[in-house]
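Inspection log for the structure reproduced underneath, given as structure tokens.
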Amino acid sequence: MNAPQKVVGATTSSTYAVEGMRCAACIARIEQGLPKIQGIKSARVNLSARRVRVDHDPALAEEVIEQAFRNVGFDAHVFAGDKLSTHGAGSESRTLMLAMAVAGFAAMNIMLLSVSVWSGAAGETRDLFHWISALIAIPAVAYAGRPFFRSALTALRNRRTNMDVPISIGVTLTVAMSLYETAVGNEHAYFDGATMLLFFLLAGRFLDSLMRAKAEDSVAALLRRIPGEATVIVGAGQVRRPVESLMPGDVLLVAAGERIAVDGVVTSGSSEVDQSLVTGESLPIAIAAGAAVLAGTINLVRPIEVRASAVADDTSIAEIARLMEAASQSRSRMVGIADRAARLYAPAVHSLAALTFVGWWIAGAGAHAALLNAVAVLIITCPCALGLAVPIAQVVAAGALMRSGILVKDGSALERMAQCDRALLDKTGTATRGRLQPSNLPDKPRDRAILAALARSSRHPLSRAVTSALEGVDPAPASDLDEQPGLGVEGVFGGTRWRLGRADWVGAPATGATTHAAFGPSTGPFRVISFADTIRPDAAEAMTELRALAIEPLLVSGDRREVVDTIAAQLGIPGRSQISPAEKSGLVEAERAAGHRVLMVGDGLNDGPAMKTADVAMAPAAASDVGQMSADFIFFGESLGAVPTAIRASRRTMRVVKENFALAIGYNALAVPLAMAGSVTPLIAALAMSGSSIIVVVNALRLRRAAR
Amino acid sequence: MSGILFLLPIALGLGLAGLAAFFWSAKSGQFEDLDGAAERILIDDEDD
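Those protein sequence lines, which keep their order, are chains A and B.
Numbers given in the numbering used here equal positions in the first sequence, counted from 1, plus 751.
Numbers given in the numbering used here equal positions in the second sequence, counted from 1, plus 3.
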């Protein structure tokens, strides 16, 4: 089963989360369109997971692949979670599914024989049918029961008991007893019950394994953001050195487009840095000699020299990584409703079965009859409905949420989400779109085509914003396209030189304080394009909905007070400004200490510790990989309405889960006395077990519309 | 009774064949993307 990961020559695979894939045409467009780009070998769409695996040249940058997706009409983001591959991943789910198939096969075939026994087959025919049943049941139980036997053995070895101990004992005793009954030619054999029980239990386990998030090392992903090597200036020369060997005081040369490897101070040169990874701010920050820079940020424009002040584990990015590690340990202490039920279950069942055995023994029924009734109790109490109660509800709810663009990474998050009464929202990228929206773009098709050609040739954040705003515009053919670092891009179109860049360089008069760029031919007229990060369209309504759900929202941001206050006022919620990542996490901790359950909605690295500390976390699909990995829910699209939708669906899910528990317990309250009284025949056992499981499943199916 | 001697092995054999087919299809990854599989039938293959 562990076929080697497909790596052909110098090809690596990356997985992308892609929005808006719906139909065959989308699959065809992606799978046939992407390989046309130089360096992309192949693309494989997984429509159910809304992901695409791209096999490409390792040297190919993320941006190029994302651009390739945009060219065929889709928004894609690197999916940082578990790698989706045909082989390897989800091997636990697969083992459970195969075991379930075997148990299902055995249960169906044995049932075929049992029906004839129940309908009156007697004597030799009945014995023959019992023997054939045994022939099917024993290997099937040996194969399909392994997940339970293994877990029960581990528990017993550690001198503990878990849900699997009574299950294993029950199944083994049932099969052994039925074999004995068959051998002596008695009337009742429970092979059908044993296999059917395994089938239902495995169905519960299988669904549960689908809903459990794979352990993802978000901290390791974070530290990947620090480059492995840096160029150090030694005397008059330059040496490439691994970052571990850097010392505070070293002077580094950082090329344009390179990630800075240390925290430090710029000693010479001026440039702009993209700090979005650390601060979440989308706008590049201008830096000059004397300015502080952080490890993990990108130097955008010109080469600079940086004197290291903190290296390796002392950088602020490493500090964030440590905070996240500490926070993730606190969350794992949470015990879900299913685990609490399981803790009560095992001792209750053991004592009931023992009580039955002792009771009948004392009543003088003999060892055989007493054991028979005790085993009947073990079968009838087997937690089929109990085991299905939670996972089936989670699976159905997650499917409903998926259809409305919300990905549930971990089923238990639905339970944590349902209990929330506080919501903290990050500003940039969460309350706002997180990218700059250009306004005052030209209308004339020719101007648009030229602007598209210029913007596409640069990777400056402002150019990228223009490119995405001009999606679908065919760039005009250009000659002499050239990027002047720090100034802009220029090119010759039909004999005229056009520029896009800094206003004074293009020749336009500089205007106010807003972020802007100028665009025009060398002869004029010029057009000033201004940029702003706009609030998500329905953010204010989403906040009202949150309040209606008795959840108090709060805006938290590392940004300046005026900016935060403006956005907070637009949203109609209180805001806190200039909060560092550690303080954000502290704020969450304080709310939790005050007895609140906290939802953190964020996207950046700076939100990572707070998202890990919070009871439950949500992130937009455009979030950084650290944001995605810290989140339990990921929502696609522009709308912040996904947050109240997820909360409502989670609350409905928990209602159904509680109903399911009530049904499962009610079933036991009826069936257990019957079993203890010794009046459970194989027919009654089969009816009771499948009946209770089916009722639970049907009840959970009501959640299919939970995300409307 | 003699009919049963034929019918039972046939029924079990068919069931086993189905189970074997399921094992094969699961192991070759055919359940990885059910929605995609449903849509792919509509894609026109271009000879390349």
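We put the CB at the ideal spot given by N, CA and C, even for glycine.
The model shown is predicted, which means the values in this text are computed figures rather than measured ones.
Exclusion of the five residues before and after residue 1340 (chain A) leaves 1364 as the residues of its chain whose Cβ lies within less than 8 Å of its Cβ. Per DSSP, residue 1196 (chain A) lies in no beta strand (DSSP E); the unbroken alpha helix (DSSP H) holding it starts and ends at 1196-1207. Here DSSP, grouped into helix, strand and coil, assigns residue 767 (chain A) to strand.
Neighbourhood of residue 26 (chain B) in chain A, by CB distance below 8 Å: 849, 852, in chain order. In the three-state scheme derived from DSSP, where H, G and I count as helix and E and B as strand, residue 1050 (chain A) is classed as strand. For residue 13 (chain B), the closest Cβ of chain A is not nearer than 8 Å.
Pairwise C-beta distances place the region 1178-1186 of chain A out of contact with the region 1110-1124 of chain A, as fewer than three of them are shorter than 8 Å. Burial state of residue 10 (chain B) is exposed, judged by a 10 Å Cβ sphere holding fewer than 16 other Cβ atoms.
Listed along the chain, the chain A residues whose CB falls inside 8 Å of the CB of residue 20 (chain B) amount to none; the nearest CB is some 10 Å away. When C-alpha distances from residue 1155 (chain A) are compared across A:868, A:766, A:762, A:770, the shortest belongs to A:770.
Pairing residue 1132 (chain A) with residue 1419 (chain A) gives a Cβ-Cβ distance under 8 Å.
For the 8 Å CB-CB criterion, residue 778 (chain A) and residue 39 (chain B) form a contact.
Between residue 1242 (chain A) and residue 1252 (chain A), the gap from beta carbon to beta carbon reaches 8 Å or more. Beta-bridge annotation (DSSP): residue 1267 (chain A) is paired with A:1281.
Residues of the region 35-49 of chain B with a Cβ closer than 9 Å to any Cβ of chain A, in chain order: 35, 36, 37, 38, 39, 40, 41, 42, 43, 44, 45, 46, 47, 49. Closest in C-alpha terms to residue 1128 (chain A), from the list A:776, A:1452, A:1433, A:1454, comes A:1433. By the Cβ rule, the region 870-887 of chain A does not count as touching the region 1066-1078 of chain A, because fewer than three pairs are nearer than 8 Å. Annotation: residue 1449 (chain A) to residue 1455 (chain A) spans about 11 Å, alpha carbon to alpha carbon.
Residue 951 (chain A) and residue 1324 (chain A) have their C-alpha atoms spaced approximately 48 Å apart. Distance from the CA atom of residue 1070 (chain A) to the CA atom of residue 1061 (chain A), rounded to whole angstroms, is 11 Å.
Of the residues assessed, residue 1329 (chain A) falls on the exposed side of the cut-off, its CB having fewer than 16 other CB atoms within 10 angstroms. Across the region 797-813 of chain A, CB contacts with chain B closer than 8 Å involve 797, 798, 799, 800, in sequence order along the chain.
Put simply, of A:812, A:1047, A:1016, A:1267 the residue whose alpha carbon is nearest the alpha carbon of residue 1056 (chain A) is A:1016. If one requires a minimum length of 3 residues, the beta strand (DSSP E) runs lying completely within the region 1315-1388 of chain A are 1349-1352, 1367-1371, 1384-1386, in chain order.
When C-beta atoms of the region 1134-1149 of chain A are compared with those of the region 1436-1452 of chain A, three or more pairs fall below 8 Å, so the two segments count as touching. With contacts defined as CB atoms closer than 8 Å, residue 1217 (chain A) and residue 1200 (chain A) fail to qualify as a contacting pair. Taking the Cα of residue 1140 (chain A) as reference, the smallest distance to any Cα among A:1414, A:843, A:1255 is reached at A:1414.
Classified as buried, residue 797 (chain A) has 16 or more neighbouring CB atoms from the shown chains inside 10 Å of its CB.
For residue 954 (chain A), the enclosing alpha helix (DSSP H) covers residues 942-962.
Contact with chain B is absent for residue 945 (chain A), since none of that chain's Cβ atoms lies less than 8 Å from the residue's Cβ. Here the alpha carbon of residue 989 (chain A) sits roughly 17 Å from the alpha carbon of residue 995 (chain A). Judged by their CB atoms, residue 1361 (chain A) and residue 46 (chain B) are not nearer to each other than the 8 Å cut-off. Counting along the chain, the unbroken beta strand (DSSP E) around residue 805 (chain A) starts and ends at 802-807.
Chain order gives the chain B residues near residue 883 (chain A) as 11, where near means a beta carbon separation below 7 Å. Chain-ordered, the chain B residues with CB closer than 7 Å to the CB of residue 778 (chain A) read 39, 42, 43, 46.
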